[in-house]
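The structure under discussion appears below in the form of structure tokens.
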Amino acid sequence: MVTPIVVPRSEHGLSRQDIDPDALRVLYRLHASGFEAYLVGGSVRDLLLHRRPKDFDIGTSAHPHEVKRLFRNCWIIGRRFRLAHVRFGPKTIEVATFRRQVSLAQEPQEQHFRSDHPDESELPVVADPSVDVTAEQIDRPIQRDNEYGTPEEDAFRRDFTVNALFYDIGSFSIIDYTGGLQDLEQRLIRCIGDPDVRFVEDPVRMLRALVLAARLDFAVDGAVMDAIERKATLIAEASSARLLEEYYKILRSGHARACFDHLADSGLLEHMSPELLNDDGPLTEAFEAVDAYRRRFDDAPDTLTNPILAGTLLLPLGLLRDEGHRYRYADDDWEREAPHMLGRMQVARKDIEKLRHMMALQKRLLDIDAPQKAQRALMQRGAFRDALTWLDIHGERPKVVEHWETLLREDPPPPPTAEEEAERRRRRRPRRRRGGFNR
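Right, dumping it as structure tokens:
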């Protein structure tokens, strides 16, 4: 047992006024129902740094089925570990039951199921993780991490100390089991436990350590940097889809250039997408442009879609030639010739298709002297808004962007009719069958 540092309300600057009101509603109801309920993770860290959190996640002693009984607007998701999502319109508050750390040495080779509750019958049982292991004893990432635990156990299974701080809605105090408050004061990113072990458990933690340091302008603990140098090759074992999603998060953060510089300097980038190292200027300019656009908003805007982010990574790498407009659509063979891979990460085909349409519209967007009928017809195109956002970020044509935004305000395109929507769905290509037909 570890005695946590408990900072009472009178001694810290975290105010409930800065917490999302719907997250507060969930916290209050859980607490009133007799459960422990904490604001957890990055939201506590950001609030203490006087930054606006991206998400407000909640940790609780309530099991998912118990959370669902308290909230009619709750959906339980996940197979590897059940999470409760409490939805308020387009917003989702994630509620997770406290978990305990699973040792790789103790991880079961076969999956067994417990049936404590009917709606949690798919949750696998794991062995007691109390046995300590070292990096030399393990050689694979954790595949299952599904054992419920206490707040202390939940804190120690997290990645970095600054992400393991809890805000207790019952006492309005900050609870620190891992030394995160001291590291927050020292502006230091430090692993919880042996970084060699933690990076073998989940190699993506190496990327997150460097990205978090770049975003917060923190230093990285020397032991963490040494472990990254030793374990960098393990990042190639991480899911390529997961790595690409991490790239998109970086581009939405407003600190893309600093983050990718950290990844390059650490040697980690060469094991994920080495082509990003061969930049003679355009890629850096693209990162700076998307960072400047992001800083115009309090939160990451919905306009930063995956096709735009994919284009920010792919197009400056020599896939398009410049014909009077940066990253302009080159020729009719672009879709066939352009690779859909970034390192070993495959960009979704639908995003590549949308990117192709966006780039094909760039020349027409620049023609603001076209007839009004043609301009309004262009505004009806499905890729128009993404194309305009691309021009706003990378086009360096503010007057052109203002022209189209004014036109959108004055005469916004109507939503598609039911007939048009039905026709669009009919035109969709059918999903390809796998394995052929049964005969």
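Residue numbers (my numbering): 163 to 601.
Glycine included, C-beta positions come from ideal geometry on N, C-alpha and C.
Where residue i falls, given that 16 or more other Cβ within 10 Å makes a residue buried
{"i": "Phe459", "result": "exposed"}
{"i": "Gly196", "result": "exposed"}
{"i": "His212", "result": "exposed"}
{"i": "Val164", "result": "exposed"}
{"i": "Ser177", "result": "exposed"}
{"i": "Ser283", "result": "Low per-residue confidence applies at Ser283: pLDDT is 35, beneath 50, and the placement is therefore not dependable, though the value from the model is reported in the following sentence. Label assigned to Ser283: exposed."}
{"i": "Arg234", "result": "exposed"}
{"i": "Pro170", "result": "exposed"}
{"i": "Asp494", "result": "Note that Asp494 scores a pLDDT of 44, beneath 50, so its modelled location is shaky; the value from the coordinates is reported in the next line. By the 10 Å Cβ count, Asp494 comes out exposed."}
{"i": "Pro280", "result": "Residue placement at Pro280 cannot be trusted, given a pLDDT of 37 that sits under 50; the coordinates are not used to answer."}
{"i": "Gly473", "result": "buried"}
{"i": "Val287", "result": "With a pLDDT of only 32 at Val287, under 50, the local geometry of the prediction cannot be trusted, and the value read off the model is given with reservation. It is exposed - the Cβ of Val287 has fewer than 16 other Cβ atoms within 10 Å."}
{"i": "Gly221", "result": "buried"}
{"i": "Glu615", "result": "The shown model of the chain, from 163 to 601, leaves out residue 615, and the question about it has no answer."}
{"i": "Asp383", "result": "buried"}
{"i": "Gly203", "result": "buried"}
{"i": "Asp464", "result": "exposed"}
{"i": "Lys512", "result": "exposed"}
{"i": "Asp208", "result": "buried"}
{"i": "Lys230", "result": "buried"}
{"i": "Arg456", "result": "buried"}
{"i": "Arg419", "result": "buried"}
{"i": "Gln271", "result": "Residue placement at Gln271 is poorly supported in this model, since its pLDDT is 41, which falls under 50; the coordinates still yield a value, given next. Exposed."}
Bridge-paired residues (DSSP) for residue i
{"i": "Met434", "result": "BP columns for Met434 are empty, so no partner."}
{"i": "Asp219", "result": "Val202"}
{"i": "His417", "result": "Answer by DSSP bridge pairing: none, since His417 is not bridged."}
{"i": "Arg261", "result": "Tyr310"}
{"i": "Trp237", "result": "His247"}
{"i": "Gln508", "result": "Met503"}
{"i": "Val168", "result": "Ile337"}
{"i": "Glu256", "result": "His247"}
{"i": "Phe322", "result": "Cys353"}
Identity of the residue in the options nearest residue i by Cα
{"i": "Ile336", "options": "Thr465, Glu407, Gly175 and Gln537", "result": "Gly175"}
{"i": "His193", "options": "Val169, Phe334 and Ala462", "result": "Phe334"}
{"i": "His417", "options": "Asp427, Phe243 and Arg377", "result": "Arg377"}
{"i": "Leu479", "options": "Met503, Leu466 and Thr465", "result": "Met503"}
{"i": "Leu527", "options": "Asp513, Arg511 and Ala545", "result": "Ala545"}
{"i": "Asp548", "options": "Val562, Leu570 and Leu466", "result": "Leu466"}
{"i": "His556", "options": "Pro444, Leu186 and Glu567", "result": "Pro444"}
{"i": "Ala403", "options": "Asp427, Ser172 and Gly505", "result": "Gly505"}
{"i": "Glu432", "options": "Asp184, Pro463, Ile390 and Asp453", "result": "Ile390"}
{"i": "Glu173", "options": "Leu343, Val188 and Arg241", "result": "Leu343"}
{"i": "Leu396", "options": "Val359, Arg511 and Arg214", "result": "Val359"}
{"i": "Asp475", "options": "Phe422, Phe250 and Lys253", "result": "As written in the sequence, residue 475 is Leu, which differs from the Asp given in the question. Leu475 has its Cα closest to that of Phe422, out of Phe422, Phe250 and Lys253."}
{"i": "Ala451", "options": "Arg207, His424 and Leu471", "result": "Leu471"}
{"i": "Glu515", "options": "Glu363, Pro469, Arg320 and Leu523", "result": "Pro469"}
{"i": "Ala381", "options": "Gly355, Thr340, Glu347 and Ala398", "result": "Glu347"}
{"i": "Arg187", "options": "Leu209, Arg214, Gly203 and Val257", "result": "Val257"}
{"i": "Asp529", "options": "Val562, Met541 and Arg543", "result": "Val562"}
{"i": "Ser401", "options": "Met507, Arg456, Arg370 and Arg511", "result": "Met507"}
{"i": "Val168", "options": "Gly341, Glu567, Gln542 and Arg511", "result": "Gly341"}
{"i": "Glu399", "options": "Arg456, Arg457, Phe243 and Glu363", "result": "Glu363"}
{"i": "Ala426", "options": "Thr446, Pro252 and Tyr410", "result": "Thr446"}
{"i": "Leu523", "options": "Met541, Arg419, Asp379 and Asp388", "result": "Met541"}
{"i": "Met605", "options": "Lys535, Gln534 and Arg543", "result": "What is shown of the chain runs 163 to 601, which leaves residue 605 out entirely."}
{"i": "Asp388", "options": "Arg571, Ser428 and Arg370", "result": "Ser428"}
CB contact flag (residue i, residue j, <8 Å)
{"i": "Thr259", "j": "Pro226", "result": "yes"}
{"i": "Pro357", "j": "Val386", "result": "yes"}
{"i": "Val509", "j": "Leu438", "result": "no"}
{"i": "Ala394", "j": "Met368", "result": "yes"}
{"i": "Glu309", "j": "Arg261", "result": "yes"}
{"i": "Arg559", "j": "Leu553", "result": "yes"}
{"i": "Val248", "j": "Ile255", "result": "yes"}
{"i": "Arg349", "j": "Phe322", "result": "no"}
{"i": "Gln263", "j": "Glu315", "result": "yes"}
{"i": "Phe361", "j": "Tyr200", "result": "no"}
{"i": "Lys216", "j": "Asp453", "result": "no"}
{"i": "Leu413", "j": "Leu372", "result": "no"}
{"i": "Cys236", "j": "Ala224", "result": "no"}
{"i": "Pro166", "j": "Asp345", "result": "no"}
{"i": "Phe218", "j": "Asp182", "result": "yes"}
{"i": "Leu569", "j": "Gln537", "result": "yes"}
{"i": "Leu210", "j": "Ile331", "result": "no"}
{"i": "Arg320", "j": "Ile354", "result": "yes"}
{"i": "Asp184", "j": "Phe250", "result": "yes"}
Distance cut-off 7 Å: residue i Cβ against heavy atoms of the ligand MN
{"i": "Arg191", "result": "The ligand MN is not part of this structure, which contains no ligands at all."}
| field | Segments assigned alpha helix (DSSP H), at least 4 residues, entirely inside the segment 328–353 | value | Listed in chain order, they are 342–348.
| request: Return the chain-ordered ranges of every alpha helix (DSSP H) run that is complete within the segment 523–556 and spans a minimum of 4 residues. | output: Taking 4 residues as the shortest admissible run, the segment 523–556 contains the following complete alpha helix (DSSP H) segments, listed from N- to C-terminal end: 524–528, 534–541 and 546–556.
| What are the complete alpha helix (DSSP H) segments, minimum 4 residues, inside the segment 369–399? | 384–393, all fully within the segment 369–399.
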